[in-house]
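To start, the structure under review is shown below, and the notes come after it.
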Amino acid sequence: MPRPELTVRTTREEDWQQVRDLRLEMLQDTPIAFGETYEHALGVGEAVWRMRAARGTTPGQTSIVAIDRDRWVGHMGGWVPDAASGPLLVGVYVSPAYRGDGRGVSRRLLEAVEEWALAHGDALRLEVHEQNPRAIAFYEKLGFTLTGHSRAYELAPGGLELEMIKRLR
1 MPRPELTVRT
11 TREEDWQQVR
21 DLRLEMLQDT
31 PIAFGETYEH
41 ALGVGEAVWR
51 MRAARGTTPG
61 QTSIVAIDRD
71 RWVGHMGGWV
81 PDAASGPLLV
91 GVYVSPAYRG
101 DGRGVSRRLL
111 EAVEEWALAH
121 GDALRLEVHE
131 QNPRAIAFYE
141 KLGFTLTGHS
151 RAYELAPGGL
161 ELEMIKRLR
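Residue numbering for the sequence shown follows the numbering used here, beginning at 1 and increasing consecutively.
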């Protein structure tokens, strides 16, 4: 399959329906990768989806999507929980048909998040479930390393969220 004709950009409030649809796809594809259940997301109202979509234009956070013509095929977000910990990569997802090095979707999204993150610190952190080896390998390939820190994953099946970090400077 040829490389997609990608547009990579931040989300806006008026994108709320596409943000909702992509989030629901994410939660169905890899439920363990996100701190929300599909059932919860189904019950979220328009006002919340509008707020989530506006994260692309809100200080201290970002929401970046990859769009192939009119199909939303990937997302990565970032936010700064506090100045001491610096920026955190969140909501990482690429639709199955768009995964892989030859497609370039994940790298384009990560480059955009890293550019945003540089305004907030010299490293980018993330958390990944210990039972998601595909994601861990992906992050390692992109320069992230495990820090040795972890925290409990709040949803079923439980387990640990492992912290990884990538130096940006």
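Cβ atoms here follow ideal geometry from the backbone N, Cα and C, with glycine treated the same way.
Closest by C-alpha distance to Ile64, out of Ala137, Arg23 and Pro157, is Arg23. Residue range Tyr38 to Leu42 is occupied by the alpha helix (DSSP H) that includes His40, with no beta strand (DSSP E) assigned at that position. DSSP places Asp68 within a strand segment (E or B) once states are collapsed to three. Looking at the DSSP output, Ile32 bridges to nothing.
Our two residues, Gly60 and Trp79, have alpha carbons roughly 6 Å apart in a direct line. In this structure His129 is buried. Its beta-carbon is surrounded by 16 or more other beta-carbon atoms within 10 angstroms.
A contact between stretches requires three or more CB pairs, one per stretch, nearer than 8 Å, and the stretch 4-24 fails this requirement with the stretch 125-144. Closest option to Pro81, judged by alpha-carbon separation, among Val90, His75 and Gly45: Val90.
Short of 7 Å from the beta carbon of Glu5, and not among the five residues preceding or following it, lie these beta carbons of its own chain, in chain order: Asp68 and Arg69. For Tyr93, the uninterrupted beta strand (DSSP E) segment begins and ends at Leu88 to Val94. A distance of 8 Å or more separates the beta carbons of Arg125 and Gly158.
Residue pairing of Val128 in beta bridges, as defined by DSSP: Leu162. Apart from sequence neighbours up to five positions away, the residues of its chain that approach Ser106 with a beta-carbon distance below 6 Å are Val94, ordered along the chain. In the DSSP assignment, Val105 falls outside any beta strand (DSSP E) and within the unbroken alpha helix (DSSP H) covering Val105 to Ala117.
Relative to Tyr98, the option among Arg71, Trp116, Gln28 and Thr10 whose CA is nearest is Arg71.
Around the Cβ of Glu154, a 10 Å sphere holds fewer than 16 other Cβ atoms; the residue is exposed. Residue environment for Glu39: exposed (fewer than 16 other C-beta atoms within 10 angstroms of its C-beta).
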